[in-house]
Every structure is written in structure tokens, then in C-alpha cells.
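A.B. asks:
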Amino acid sequence: MAELDSSTWPPAPIRTQRLVLRGSEARDRAAFIELFASPEVGAHIGGARPRDALERSVPEVPGRRRGLFVVELDGAMIGTITLDRRAAGLADHLRPDAGETELGYLFLPEAWGFGYAAEACAAALGRFAAARPGEPVVLCTRIANSPSMRLARKLGFTEVTRFEEYGADQWLGVWCSVTPPGRSTAARPRE
Ligand SMILES: CC(C)(COP(=O)(O)OP(=O)(O)OC[C@H]1O[C@@H](n2cnc3c(N)ncnc32)[C@H](O)[C@@H]1OP(=O)(O)O)[C@@H](O)C(=O)NCCC(=O)NCCS
Numbered sequence: 001m002a003e004l005d006s007s008t009w010p011p012a013p014i015r016t017q018r019l020v021l022r023g024s025e026a027r028d029r030a031a032f033i034e035l036f037a038s039p040e041v042g043a044h045i046g047g048a049r050p051r052d053a054l055e056r057s058v059p060e061v062p063g064r065r066r067g068l069f070v071v072e073l074d075g076a077m078i079g080t081i082t083l084d085r086r087a088a089g090l091a092d093h094l095r096p097d098a099g100e101t102e103l104g105y106l107f108l109p110e111a112w113g114f115g116y117a118a119e120a121c122a123a124a125l126g127r128f129a130a131a132r133p134g135e136p137v138v139l140c141t142r143i144a145n146s147p148s149m150r151l152a153r154k155l156g157f158t159e160v161t162r163f164e165e166y167g168a169d170q171w172l173g174v175w176c177s178v179t180p181p182g183r184s185t186a187a188r189p190r191e
């Protein structure tokens with residue numbers, strides 16, 4: 001989306017049937033701390049962080065950066081979605097020159113199992129596709145992270161490759177709003 005590269009952030013809120021996706025605000029701080037301190041959330045992403053350290057280090061307005069959406073339900077944050085430029089030097093890339101956009105998602109455990117993550121991610125991908133038709137989005141997740149794998153496939157991500165990183169088997173998938181003629185996805189698996 002245009003906002004990813006411009007100084008226009010946060011973008012206009014995105015409203016779905018049940019949720020609002022918006023930039024972060026000071027009132028989200030406690031929920032950010034919950035998210036990073038949660039052992040369930042951290043299980044597949046390097047672990048939880050100590051709550052007292054988070055209380056000291058999390059800024060007044062956490063997550064105030066381009067590409068990060070707070071997901072709000074009934075006025076309260078339930079998770080975050082990120083659409084970031086995938087860092088160069090990671091174990092695998094869709095394109096050798098890197099720079100592709102990557103989707104990430106973190107939701108508070110009490111918000112799991114209601115389809116909120118799927119609803120929010122679909123809306124963010126829809127906004128991205130409207131701004132950049134045909135541009136792929138990648139997603140990397142541990143294969144052992146079953147809820148994340150289910151979500152990725154439900155959103156329409158298809159496998160590019162599997163690889164090992166951080167001592168775990170990882171899955172790289174790709175999603176594209178436009179399927180080029182004669183191709184099942186916009187991406188070609190790496191050889
Ligand atoms: C990955 C994660 C976002 C998935 O959350 P989730 O709530 O399971 O995902 P969804 O929004 O797709 O919800 C799916 C579940 O909601 C259920 N559901 C209930 N009501 C629903 C509705 N109205 N619409 C859709 N699904 C609904 C579905 O049946 C499904 O249940 P199932 O997984 O038992 O089959 C969540 O587990 C998480 O935040 N994990 C920690 C962070 C993490 O690991 N992130 C990935 C890093 S790569």
C-alpha cells in the first residue's frame with residue numbers, strides 16, 4: 001500500500017464487520033505489554049518477555065510505525081497486524097533481490113478462535129491489493145505453529161518453500177491478489 005513507503009502513517013482506519021484496523025495509540029500500551037509477555041503468544045516466536053522489563057521499556061505509544069496496524073474489537077486492542085518490507089539477509093526470500101512485503105500477526109490468546117485474525121488480515125491484504133494490484137505478499141511461519149499455518153492457508157497463501165531457521169522448520173508462503181495467466185500463483189517456488 002502506498003502508505004508503506006510514504007510518510008502518511010497511520011492510514012485511515014479500515015473497518016470490517018467486527019473490527020477496526022488503525023494506527024497505535026497510547027491507550028494500547030497495556031495490551032502491547034500483554035501481547036509480548038504472553039507465553040502462548042511467544043510460543044512460536046522466540047518466547048515471552050519479562051513483564052517488568054516491558055513495563056520499563058515499552059514506549060508511551062508503542063508500535064507507532066509504518067506498516068503496523070492495531071486491531072480493535074469493541075474499542076479495545078486485541079492484536080496487531082504488520083505489513084513490512086522483509087529484511088534482507090533472512091534465510092529465504094521469494095525474490096533474490098528481496099524487498100518483498102511480509103504479513104505478520106499477533107493476537108491476544110483470549111481473541112483466538114473467533115476468526116478475528118482472519119477477518120483483520122483479509123482486510124489488510126485487501127487494502128494492500130487495492131494500492132498495489134498484483135504485488136505479492138509473503139508470510140513466514142513455523143510449521144509447528146498450527147493456528148498460524150491454518151490462518152495462512154485460509155487467507156490464500158500458497159507454499160513457496162520450507163527451510164530451517166532458529167532451530168525450527170519454517171514455511172514461506174505467498175499471496176497475490178492477481179493470478180497471472182497460466183500460473184497458479186504469482187510466485188515461483190525457489191529451485
Ligand atoms: C496465529 C493466530 C493469529 C491465529 O489466530 P486464530 O484465532 O486461530 O485465527 P483465525 O482468526 O483464523 O480464527 C480461526 C478459528 O476461529 C474459529 N471461528 C469462530 N468463529 C468464527 C467466525 N465467525 N469466522 C471465522 N472463524 C471463526 C474458526 O473455526 C477457527 O478455529 P480453529 O482454528 O479451531 O479451526 C494466533 O494463534 C496468534 O496470535 N498466535 C500467536 C502469534 C503467532 O504465532 N503469530 C504467527 C507468527 S508467524
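Mapping to full-length UniProt numbering: the sequence shown position 136 is 136, numbers consecutive.
We treat Cβ as the ideally placed atom computed from N, Cα and C, and that holds for glycine.
1) With C-beta atoms as the reference, is F157 less than 8 Å away from V178?
2) Run the CB neighbour count on R15, radius 10 Å, all protein chains shown included, and call it buried at 16 or more, exposed below.
3) Please tell me whether, using a cut-off of 7 Å, the distance from the CB of Y166 to the nearest non-hydrogen atom of ligand 1 is below it.
4) Taking the runs of the alpha helix (DSSP H) that are 4 residues or longer, which of them lie wholly in the region 11–97?
5) Which residue from A31, K154, A168 and A117 puts its Cα closest to that of P62?
6) Measuring from the CB of V20, is there a heavy atom of ligand 1 at a distance below 7 Å?
7) Under DSSP, the beta strand (DSSP E) around L125 begins and ends at which residues?
8) Which residue's Cα is closest to the Cα of A129: Y116, R150, L103 and M149?
9) With which residues is Y105 paired in a DSSP beta bridge?
10) Give the DSSP-derived three-state secondary structure of V174 in the structure shown.
11) Out of curiosity, what's the CA-to-CA distance linking V70 and L125?
12) So, are the CB atoms of residue 226 and A48 less than 8 Å apart?
13) Going by DSSP, what residue range makes up the beta strand (DSSP E) through F163?
14) Are A144 and A168 closer than 8 Å when you measure CB to CB?
15) Going by DSSP, what residue range makes up the alpha helix (DSSP H) through A144?
16) Can you tell me which residues form a DSSP beta bridge with A111?
17) Say the cut is 7 Å; is the CB of P39 nearer than that to a heavy atom of ligand 1?
C.D. replies: Walking through what the data contain:
1) At a Cβ-Cβ threshold of 8 Å, F157 and V178 do not count as neighbours.
2) By the neighbour-count rule (16 or more Cβ atoms within 10 Å), R15 is not buried but exposed.
3) False, no ligand heavy atom lies under 7 Å from that Cβ.
4) Segments of the alpha helix (DSSP H) lying fully in the region 11–97: 29–37, 39–42 and 51–57.
5) A31 is the residue among A31, K154, A168 and A117 whose C-alpha sits nearest the C-alpha of P62.
6) The beta carbon of V20 sits no closer than 7 Å to any heavy atom of ligand 1.
7) Premise fails: L125 lies in the alpha helix (DSSP H), Y116 to A131, not in any beta strand (DSSP E).
8) When only C-alpha atoms are compared, the closest one is L103.
9) Paired residue(s): I81.
10) Three-state DSSP puts V174 in a strand.
11) For the pair V70 and L125, the Cα-to-Cα distance works out to about 15 Å.
12) Absent from the model: residue 226. The displayed extent of the chain is 1 to 191, so no value can be given.
13) Looking at the DSSP string, the run of the beta strand (DSSP E) that includes F163 is T158 to E165.
14) Their beta carbons are under 8 Å apart, which means A144 touches A168 by this criterion.
15) It is not in any alpha helix (DSSP H) - A144 carries neither H nor E in the DSSP assignment.
16) Beta-bridge pairing links A111 to no other residue.
17) Flag unset: Cβ of P39 not near ligand 1.
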